[in-house]
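To start, the structure under review is shown below, and the notes come after it.
Numbering (UniProt numbering), first residue to last: 1 to 341.
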């Protein structure tokens, strides 16, 4: 289930008030206006009335330059520009450096119902933190049925039908010293440029459901080192009961699983009685670490086979000139041991 990438000003204020040190200056409501863009906008010429390139769904940040410009104008000129600016309609205004907004600015904002926020942070610091917060809040989100676990620093998303053994495999990995991120329901989000991150829902965080055991608190059982709040998803591992003939035996054919438009590498593990699934999943993580370092075992093996086939086609002896496949051992001249009667 995918969520819309927008947030109401009131909910944004609840989520960002502490990290951005935001306070609400306006008292006329309108906090249901939607912020729909991760980017912010500095109004610049828009304060003079040129509003062609104003984007209403972006937070409009007013710093020292904008406030000084408004104060340098006559009240009539400033009001005229602000009337055109605030009529877009804007989602909200944010004033940095703890500056006091002019009275005519507040009057125009009240008339058009534009919320006004303020932060004591310097403009550059405020914009940087605001952008990161908006990326977190407005990134495309969805929920996926699966288990997300951190194995050797690699985020593995285990998927498969209900009851196939995803949680049991994750529990085995936790016993090996790896870390749980989310069980059963994974909330995924896309972060710039094209990375997928996963986390647990707040109510499910650090808990697992194991059939026959019920709900387990992983933090209480194994300590805080056995869990983490979120992790980048780098490989999707599908546990399936399909026939092995349906799988790539060499692993040379790259497979992907799209998550919110981002293709994530896919590893498919067929289930069979007696197979150590946790160890196989751990090997998937180790193999991915090798790929991060530029070593693709399957591809390197395929290249060796192709090189040997090409050499044979050219009539090249790949063992070297005049080297027999197996040379007979030379006689040592040792005296045979007599048989004992």
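Glycine included, every Cβ here is placed at the ideal spot set by N, Cα and C.
Source: prediction; values computed, not measured.
Between residue 54 and residue 42 the beta-carbon gap is near 11 Å, outside 8 Å, which marks them as no contact. One thing to note: residue 265 has its Cβ within 9 Å of the Cβ of residue 235.
Check the Cα spacing between residue 199 and each of 18, 186, 208: the tightest is with 186. Residue 159 has 238 as its beta-bridge partners, per DSSP. According to the DSSP assignment, residue 60 belongs to the beta strand (DSSP E) that extends over 60–62. Per DSSP, the unbroken alpha helix (DSSP H) holding residue 81 starts and ends at 75–86. For residue 5, the closest C-alpha among the options 24, 306, 49, 58 is that of 58. For the 9 Å CB-CB criterion, residue 206 and residue 227 form a contact. Residue 224 sits exposed, since fewer than 16 C-beta atoms from the chains shown fall within 10 Å of its C-beta. As summarised for the stretch 127–205, the continuous alpha helix (DSSP H) elements at least 4 residues long and confined to that stretch are 166–175, given in chain order. Per the C-alpha coordinates, the member of 178, 191, 175, 211 positioned closest to residue 184 is 211. Annotated three-state conformation of residue 21 is coil, per DSSP.
Of the candidates 121, 126, 26, the residue whose Cα lies closest to the Cα of residue 112 is 26.
At the C-beta level, residue 169 and residue 239 come within 9 Å of one another. In this structure, residue 180 and residue 208 form a Cβ contact; the two beta carbons are roughly 7 Å apart against a cut-off of 8 Å. If you check the CB distance, residue 67 and residue 95 come in under 9 Å. Annotation: the stretch 280–318 contains the following complete segments of the alpha helix (DSSP H) (minimum length 4 residues), in chain order: 297–313.
Judged by their CB atoms, residue 147 and residue 137 are not nearer to each other than the 9 Å cut-off. In this chain, the alpha helix (DSSP H) harbouring residue 218 covers 218–222.
Contact check for residue 216 against residue 171 passes: the beta carbons are separated by less than 9 Å.
Distances from the CA of residue 233 to each of 197, 221, 258 were compared; the closest alpha carbon is that of 197. Around the beta-carbon of residue 308, fewer than 16 other beta-carbon atoms lie within 10 Å, marking it exposed. Around the C-beta of residue 119, 16 or more other C-beta atoms lie within 10 Å, and the residue is accordingly described as buried. Looking at the DSSP output, residue 257 sits in a beta bridge with 264.
Between residue 10 and residue 46, the gap from beta carbon to beta carbon reaches 9 Å or more. A distance below 9 Å separates the beta carbons of residue 121 and residue 20. Listed in chain order, the non-local C-beta contacts of residue 102 below 8 Å within the same chain comprise 67, 70, 71, 78, local neighbours out to five positions each way being set aside.
Each residue's CA atom was taken as its position, placing residue 17 and residue 282 some 41 Å apart. Closest in C-alpha terms to residue 155, from the list 295, 13, 286, 38, comes 286. Ranked by how close their Cα comes to the Cα of residue 292, the residues 194, 75, 153 have 153 in first place.
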